[in-house]
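To keep things clear, I will list the structure first and then write my remarks on it.
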Amino acid sequence: MSEKLSEIFKLSFQRISDNIFRYGGEEFVIYYLSQNKENFFEILENLRKKVKKNTNTN
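Those letters in the sequence shown? Residues 933 to 990, by my numbering.
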């Protein structure tokens, strides 16, 4: 499962300035520099959808 998440994060945040850190068991910190918060929220929503689609065990 963590390999899937890692690949999803890599594909979602590809800039050199983007960083993702594991903060706990299933918590992550995303360091993303942008002047456009709407763009960031769009990226986060797409990330949420990809994670849900690719990690659903039901």
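Glycine residues also receive a C-beta, built at the ideal position from the N, C-alpha and C atoms.
Find the nearest neighbour of residue i within the set the options, judged by alpha-carbon distance.
| i | options | result |
| --- | --- | --- |
| Tyr964 | Val983, Lys981, Ser944, Thr987 | Ser944 |
| Gln946 | Lys936, Tyr955, Ile975, Gln967 | Ile975 |
Please state whether DSSP places residue i in a helix, a strand or coil.
| i | result |
| --- | --- |
| Ile975 | helix |
| Arg947 | coil |
Taking only heavy atoms of the ligand FAD into account, decide whether any of them is closer than 7 angstroms to the Cβ of residue i.
| i | result |
| --- | --- |
| Lys936 | The ligand FAD is absent from the structure shown, which contains no ligand whatsoever. |
If the criterion is Cβ atoms closer than 8 angstroms, does the pair residue i and residue j meet it?
| i | j | result |
| --- | --- | --- |
| Phe960 | Ser966 | no |
| Leu979 | Ile948 | no |
| Thr987 | Lys936 | yes |
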